[in-house]
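Comments concern the structure below.
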Amino acid sequence: MTGRGDDRSAGEKRWRRRCMVLLVMLLPLVLAFNTRENIERWWKSRDLLAREVAAGEQADFGGARWQLHALRMAPLPAGGNIPDNAMGVVADFRVQVQDADLPGNWRGCTIALQDGQGRRWLPTYVLRLPRSDTQECVSAIFSGAKAGAMLRIRQAFLVPRDAAGALRVTVSLLQQRPHYLRFAQHPRLMQ
Amino acid sequence: MKRRLATLLLLVAAAAVLFAMQRSTPRYDELTGPLVVSGRMGQAVRTRLFDANVERVEFARRLVYQRFDRETERTTSGLWAIVTVELSARSRSVNVGQASWVGPRGFQYLQTDRLALAPGQSPPAAEPGLPRRARYIFEIRPDQVGGAVLRLSERFAPRLDSEARIKLDALPRKPDGALDIMDTFDMNPVRKEPS
Amino acid sequence: MRTAFGKIKTRLAAGIGSTVAVGAAAVYSVLGAGPPPPVAQYGAGSAIEAGRWRVTPQRAWVSHKRVYGVPIKPGQQALVLEADLSNRTRTSTGSYSNLLRLQLAPGAKPEDPIVAQVRDPQIGPLLHPGMPERVVYVWMMPGSAAPPASLAVDVVAETYKPVDNLYGTPGWFNPAVIGRVTLPLGPPPAGAEQAS
């Protein structure tokens, strides 16, 4: 009787150990499986990986070829809505549309200025720019441009004077996240 | 007998603890609600996206402004409260568009929408490195003046984002201690003299 | 093992729940089959507690020109009801379009009212807690239709639930008609029809 009991308890101990080891392996797998959608959504919701574009070059992004045509800065007179020590920066893009599905590809189009410390300036509506044939990125989505058309996109920003020289333009689209475009050109002072 | 009594007492204690736990569990909107940062007037209240410093509060019975060279006035059955706040953005451009005046008993007065055509009512957008002054105007009942709190946030009813709640404790007072209420508050921008 | 209660008592104990349920359903249907309770009638000047709002209708008229800043297209006329609204909730709110429901002749479907403030030419203002304001409800009608003899509107009130069933947040639910306001249509008051 005792012999059989020993065998049984040894067998039980062995199985218990195996189960513990399997549990340690299974729990992280289950966790990963349950949260994989959340992880994917987190990864795709941030601008994490920059694709650098050198000065004068073009980049394919979101079904179009983007080129930074001009990045100019000009000091502004203070008064009204414009604070002291502000500098106006205007970014001009020439974009050649390759995939005409702009509402799908360019959803959440955000053009921003970024400095070395990670601060971001979004477009401002305080500057009165002269009327031209350019449009903003969000209105370009609904312009109905066909493949091969050349769009001119312009955005204006209000930045502090001392930080204006070291800024770079970034273009971010919801569908392309976590990748975003970063143009290496710094703003040029306009007289 | 003693053992039965002890068991009964233990049961009652357990029931009381469970009841307290059930009653004090925060609900969904508290769990996912705003992350409150409190402060007082005159100090910079730091939230995730912006710093807010309430500089002054003014009260008036009516507001006047010029529109198309005509003087327009806005009256109210209560008081106009004009709060001037210095905003600075921390890491990105932020539009601190939601402001409300919460009275001592919890009445929440949202920003007035009767001044859409008045001059100088630009959206309170702050850019990093460029602090600016914003003005929030409320229409409140006169008894909601003391012990009020200003709530500032980027979105209405922020979910898991910061909300600045600033106690409005430095109200303008006359020398005799009564509240200083202007008759008319001029909203026209100060015209710079041509030099 | 013997059953605890014996056969008949067991059957009774098992059947009590269903018996009570059937009995309650029968009682409800008997009670609910009578005529519906009469709707309360209100006239001018009576303060009506309608959930979120306290409404005091003042007067009504038919307008053909611009009324308190609400433009009226040529060829249309407007039924206008002037009332004092007081916000009884804790927060400033602007949801009063569903408060008054116009009752026209059966078959006609009235449009949603445009609500304007009497103090300024402001359409759809926010109304703040504890600060009553006078507003006008404007219902557009084609100019060819004959206006009714008197204006009948149903007052719709919602009830407050501190904890709702879905998110546990407070809110106002279950709109129900609590009364009817009947006002004679008079001449438009002076000052209402200025072109501002």
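Chains as they are written, first to last, in numbering that gives the first Met the number 0: chain A, 0 to 190; chain B, 0 to 194; chain C, 0 to 195.
The C-beta atom is built at its ideal place from N, Cα and C for all residues, glycine as well.
Pair within 9 Å by beta-carbon distance, residue i and residue j
{"i": "arginine 140 of chain B", "j": "methionine 140 of chain C", "result": "no"}
{"i": "proline 112 of chain C", "j": "leucine 103 of chain C", "result": "no"}
{"i": "valine 84 of chain B", "j": "serine 152 of chain B", "result": "no"}
{"i": "threonine 133 of chain A", "j": "aspartate 83 of chain A", "result": "no"}
{"i": "proline 188 of chain C", "j": "glutamate 48 of chain C", "result": "no"}
{"i": "histidine 63 of chain C", "j": "glycine 142 of chain C", "result": "yes"}
{"i": "valine 155 of chain C", "j": "valine 135 of chain C", "result": "no"}
{"i": "alanine 125 of chain B", "j": "methionine 40 of chain B", "result": "no"}
{"i": "aspartate 50 of chain B", "j": "valine 56 of chain B", "result": "no"}
{"i": "tryptophan 79 of chain B", "j": "phenylalanine 155 of chain B", "result": "no"}
{"i": "valine 207 of chain C", "j": "alanine 151 of chain C", "result": "Absent from the structure is residue 207 of chain C, since the part of chain C shown begins at 0 and ends at 195."}
{"i": "alanine 111 of chain A", "j": "leucine 126 of chain A", "result": "no"}
{"i": "glycine 61 of chain A", "j": "glutamine 175 of chain A", "result": "yes"}
{"i": "arginine 60 of chain B", "j": "threonine 71 of chain B", "result": "no"}
{"i": "tyrosine 179 of chain A", "j": "aspartate 46 of chain A", "result": "yes"}
{"i": "leucine 62 of chain B", "j": "alanine 117 of chain B", "result": "yes"}
Within chain A, partners of residue i - CB distance below 8 Å
{"i": "serine 121 of chain B", "result": "Asn80, Val125"}
Interface residues of chain B facing residue i [CB-CB closer than 7 Å]
{"i": "tryptophan 120 of chain A", "result": "Ser92, Glu126, Pro127"}
{"i": "alanine 162 of chain A", "result": "Gly128"}
{"i": "alanine 85 of chain A", "result": "Leu129"}
Local conformation of residue i per DSSP, three classes
{"i": "serine 171 of chain A", "result": "strand"}
{"i": "glycine 16 of chain C", "result": "helix"}
{"i": "serine 195 of chain C", "result": "For serine 195 of chain C, the predicted model reports a pLDDT of 41, less than 50, meaning its position is unreliable and no value from the coordinates is stated."}
{"i": "glycine 178 of chain C", "result": "strand"}
{"i": "glycine 190 of chain C", "result": "coil"}
{"i": "aspartate 142 of chain B", "result": "helix"}
{"i": "tyrosine 64 of chain B", "result": "strand"}
{"i": "serine 76 of chain B", "result": "strand"}
{"i": "leucine 21 of chain A", "result": "helix"}
{"i": "glutamine 40 of chain C", "result": "strand"}
{"i": "serine 96 of chain C", "result": "coil"}
{"i": "proline 35 of chain C", "result": "coil"}
{"i": "glycine 38 of chain B", "result": "strand"}
{"i": "arginine 136 of chain B", "result": "The sequence given here places isoleucine at residue 136 of chain B; arginine does not occur at that position. Looking at isoleucine 136 of chain B - three-state DSSP - the assignment turns out to be strand."}
{"i": "lysine 12 of chain A", "result": "helix"}
{"i": "serine 194 of chain B", "result": "Because serine 194 of chain B carries a pLDDT of 43, less than 50, the predicted location of this residue cannot be relied on, and the following value inherits that uncertainty. The answer is coil: DSSP assigns serine 194 of chain B none of H, G, I, E or B."}
{"i": "tyrosine 27 of chain C", "result": "helix"}
{"i": "aspartate 112 of chain B", "result": "coil"}
{"i": "alanine 8 of chain C", "result": "The residue you asked about is not alanine; residue 8 of chain C is lysine in the sequence shown. Helix at lysine 8 of chain C."}
Cβ of residue i within 9 Å of any chain D Cβ
{"i": "arginine 118 of chain C", "result": "Absent from the structure is chain D; the protein chains it does hold are A, B and C."}
For residue i: DSSP bridge partner residues
{"i": "glycine 87 of chain A", "result": "A:Ala73, A:Leu157"}
{"i": "proline 128 of chain C", "result": "C:Asn86"}
{"i": "alanine 51 of chain B", "result": "B:Val44, B:Leu86"}
{"i": "asparagine 196 of chain B", "result": "This structure leaves residue 196 of chain B out entirely; chain B is present only between 0 and 194."}
{"i": "lysine 160 of chain C", "result": "C:Gly170"}
{"i": "glutamine 95 of chain A", "result": "A:Arg64, A:Met149"}
{"i": "tryptophan 138 of chain C", "result": "C:Leu78"}
{"i": "proline 183 of chain C", "result": "C:Ser149"}
Bounding residues of the alpha helix (DSSP H) (the contiguous stretch that carries residue i)
{"i": "methionine 20 of chain B", "result": "1-23"}
{"i": "tyrosine 27 of chain B", "result": "27-30"}
Proximal chain B residues relative to residue i, where beta-carbon distance stays under 9 Å
{"i": "valine 158 of chain A", "result": "Glu126, Pro127, Gly128, Leu129"}
{"i": "glutamine 57 of chain C", "result": "Those within 9 Å of glutamine 57 of chain C in chain B number zero; the least Cβ separation is about 16 Å."}
Neighbouring residues, chain C, relative to residue i (Cβ below 7 Å)
{"i": "threonine 74 of chain B", "result": "Arg118"}
{"i": "phenylalanine 106 of chain B", "result": "Arg89, Pro128, Gly129"}
Closer than 8 Å at the beta carbon, the chain C residues around residue i
{"i": "glutamate 138 of chain B", "result": "His127, Met130"}
Start and end residues, beta strand (DSSP E) containing residue i
{"i": "glycine 103 of chain A", "result": "Here glycine 103 of chain A belongs to no beta strand (DSSP E); instead the alpha helix (DSSP H) covers 101-104."}
{"i": "valine 137 of chain A", "result": "First-last for valine 137 of chain A: 136-140, but that is the alpha helix (DSSP H), not the beta strand (DSSP E)."}
{"i": "aspartate 182 of chain B", "result": "180-185"}
{"i": "glutamate 153 of chain B", "result": "Glutamate 153 of chain B -> no beta strand (DSSP E), and no H or E assigned at all."}
{"i": "tyrosine 108 of chain B", "result": "107-109"}
{"i": "glutamate 51 of chain A", "result": "48-52"}
{"i": "alanine 49 of chain C", "result": "47-49"}
{"i": "alanine 162 of chain A", "result": "Here alanine 162 of chain A belongs to no beta strand (DSSP E), and DSSP marks it neither H nor E."}
{"i": "phenylalanine 110 of chain A", "result": "According to the sequence as given, residue 110 of chain A is isoleucine; it is not phenylalanine. It spans 109-113 - the beta strand (DSSP E) in which isoleucine 110 of chain A sits, taken as one unbroken run."}
{"i": "alanine 115 of chain C", "result": "113-116"}
{"i": "threonine 55 of chain C", "result": "52-62"}
{"i": "glutamine 180 of chain A", "result": "Note that residue 180 of chain A corresponds to leucine in the displayed sequence, not to glutamine. Start and end: 178-182."}
{"i": "leucine 121 of chain A", "result": "From DSSP, leucine 121 of chain A is part of no beta strand (DSSP E); its letter is neither H nor E."}
{"i": "leucine 170 of chain B", "result": "Taken as a continuous stretch (DSSP letters only), leucine 170 of chain B belongs to no beta strand (DSSP E), as it is neither H nor E."}
Per-residue contacts from residue i into chain B (C-beta, under 8 Å)
{"i": "glycine 167 of chain C", "result": "Arg26, Tyr27, Asp28"}
{"i": "glycine 117 of chain A", "result": "Ser90"}
Beta-carbon neighbours of residue i, restricted to chain C and to distances below 9 Å
{"i": "leucine 109 of chain B", "result": "Thr90, Ser91, Thr92, Leu125, His127"}
{"i": "arginine 113 of chain B", "result": "Gln116, Arg118, Asp119, Gln121, Pro124, Leu125"}
{"i": "glycine 146 of chain B", "result": "By Cβ distance, chain C contributes nothing, its closest Cβ being about 16 Å from glycine 146 of chain B, past 9 Å."}
{"i": "glycine 77 of chain B", "result": "His127, Gly129, Met130"}
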